[in-house]
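Undergrad: I am attaching a structure below and will ask some questions about it afterwards.
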Amino acid sequence: MSWTGVLAVSIIAYLTKLSGMLVPQRILNKPYFSQLALLLPTALLAALTAVQVFGDNKQLVLDARLAGLLAGAIAYKLKATFIVIVITAAITAALLRLFLGFN
Amino acid sequence: MSPNPPYALSPKQITLDAISIGLATGTYGISFGAISSVAGFSFWQTQTLSLLLFSGASQFAYVSVIAAGGSVTSAIATAALLGVRNGLYGMRIAQLLIPKLSQRVWYAHLTIDESTAMANRFDQSQQSAKRAFLATGISVFVFWNIATALGFLLAQSITSPEVIGLDAAIGAGFFALVAPRLTTKEHKVTALIAVAIAISFTPVLPAGVPILVAALSAALIAVRGGK
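Residue numbers (numbering that gives the first Met the number 0), protein chains in the order written: chain A, 0 to 102; chain B, 0 to 226.
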């Protein structure tokens with residue numbers, strides 16, 4: 000695995016944080032930018048969820064990961080913490096594969 | 000709910016809050032360490048991300064885009080876009096704490112979701128806000144790094160991630176990050192459009208790129224909201 004990417008992404012992340020600290024308030028204080036900065040993570044995280052659950056290389060598939068997500072969503076509704084949600088999803092998928100032959 | 004307004008909290012209470020937030024994000028760190036290990040990153044690469052990148056969602060995105068076969072470039076772009084909000088947080092912290100230039104250099108590193116949210120609770124008192132920001136930032140940093148190391152070592156002892164369901168854990172992890180953000184109509188619509196875009200483009204674009212295209216949904220909704 001490439002060290003270049005690990006270091007590059009780390010430096011970019013730090014410079015992003017620092018730029019906010021140094022930039023004069025008025026420049027980025029426009030409503031469009033603050034709205035965009037808050038909506039961006041929502042868009043990216045939603046897209047990442049979809050791709051991680053349905054994507055398999057360049058194909059879309061339905062498998063135990065979706066059942067895992069649904070179980071995790073139920074755990075979320077029941078106000079479970081992050082690790083409980085993640086473990087619920089993992090165990091659900093693992094059990095379906097072991098006992099019901101899911102992919 | 001606390002009977003006192005938050006700015007009336009004692010320094011000790013602020014520190015205790017900061018430690019409990021650090022512990023809570025630590026549990027998320029265990030998942031990141033495990034997934035980074037399964038994705039093929041080395042121990043020190045995983046820890047470098049935790050020490051230097053230090054922003055959970057970006058770290059998670061970086062390793063998972065690469066694990067899914069995406070290029071380093073699209074992984075960096077996804078993680079960098081996710082980090083844009085930290086720039087906005089930096090502006091807020093600079094406005095709230097008015098740090099010296101030398102402080103800004105290291106405060107910037109601690110500028111994350113949790114520390115900003117905690118500092119924001121104390122917008123009546125700069126001293127309390129500063130304590131909340133620093134205590135939360137440092138607490139999350141320490142617990143996060145310990146947790147990702149632990150998660151990595153735990154996952155090393157697992158041979159087949161599919162059997163244990165770790166691949167399903169990644170999707171659920173992103174879900175757990177996005178779900179609390181879906182509080183307004185703008186966020187819900189943005190998420191729906193992003194999912195539709197990501198799924199539509201997955202069969203035709205290289206891995207990682209559909210996620211970047213999905214970022215357009217945020218730009219679209221932000222433009223509409225600005226009118």
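Just so it is clear, CB atoms sit at the ideal spot from N, CA and C, and this is done for glycine as well.
Since this is a predicted model, take the numbers as computed values, not measurements.
1. Relative to the alpha-carbon of I169/B, which residue among S124/B, S63/B, G25/B has its alpha-carbon at the smallest distance?
2. Mind checking if I73/A is an interface residue toward chain B, Cβ cutoff 8 Å exclusive?
3. Is there a C-beta anywhere in chain A that falls below 8 Å from the one on S138/B?
4. Are there three or more Cβ pairs, one per stretch, closer than 8 Å when the stretch 37-48 of chain B is compared with the stretch 90-101 of chain A?
5. Anyone know if the C-beta pair for F59/B and F31/B falls short of 8 Å?
6. Rounded to the nearest angstrom, what separates L215/B and Y31/A at their Cα positions?
7. Residues of chain B with a CB under 8 Å from the CB of L77/A: which are they?
8. Assuming V62/B is part of the alpha helix (DSSP H), what are its boundary residues?
9. Give, in chain order, every residue of the stretch 26-47 of chain A whose Cβ lies closer than 7 Å to some Cβ of chain B.
10. Please classify F200/B: does DSSP put it in a helix, a strand, or coil?
11. Got a sec? Which residues, its chain only, sit under 7 Å from Y124/A by beta carbon, not counting five neighbours each side?
12. Could you check whether the Cβ of L21/A sits closer than 8 Å to any Cβ belonging to chain B?
13. Report the three-state DSSP secondary structure of L219/B (helix, strand or coil).
14. Can you tell me whether F121/B is buried or exposed? The criterion is at least 16 other CB atoms within 10 Å of its CB, across all chains shown.
15. Span of the alpha helix (DSSP H) holding K76/A?
16. Mind listing the chain A neighbours of L52/B? Cutoff is C-beta to C-beta under 7 Å, in chain order.
17. Name, in chain order, the residues that DSSP records as bridge partners for L59/A.
18. Checking 8 Å against the spacing of the C-beta atoms, do A195/B and I210/B come in under that value?
19. Relative to the alpha-carbon of I145/B, which residue among S9/B, A193/B, A23/B has its alpha-carbon at the smallest distance?
20. Would you tell me roughly how many angstroms separate the C-alpha atoms of L37/A and F151/B, rounded to the nearest one?
21. Determine, using beta carbons only, whether Q123/B comes closer than 8 Å to chain A.
22. What does L59/A reach in chain B if we use C-beta pairs closer than 8 Å?
23. Going along chain B in order, which residues have a C-beta closer than 9 Å to the C-beta of F81/A?
TA: In short:
1. S63/B
2. no
3. no
4. no
5. yes
6. 14 Å
7. Simply none; closest approach about 12 Å.
8. 55-66
9. L27, P30, Y31, S33, Q34, L35, A36, L37, L38, L39, P40, T41, A42, L43, L44, A45, A46, L47
10. helix
11. Outside the shown range of chain A (0 to 102) lies residue 124/A, about which nothing can therefore be said.
12. yes
13. helix
14. buried
15. 63-76
16. V8, S9, A12
17. G54/A
18. no
19. A23/B
20. 30 Å
21. no
22. I198, T201, P202
23. A23, T24, T26, Y27, S30, G172, A175, L176
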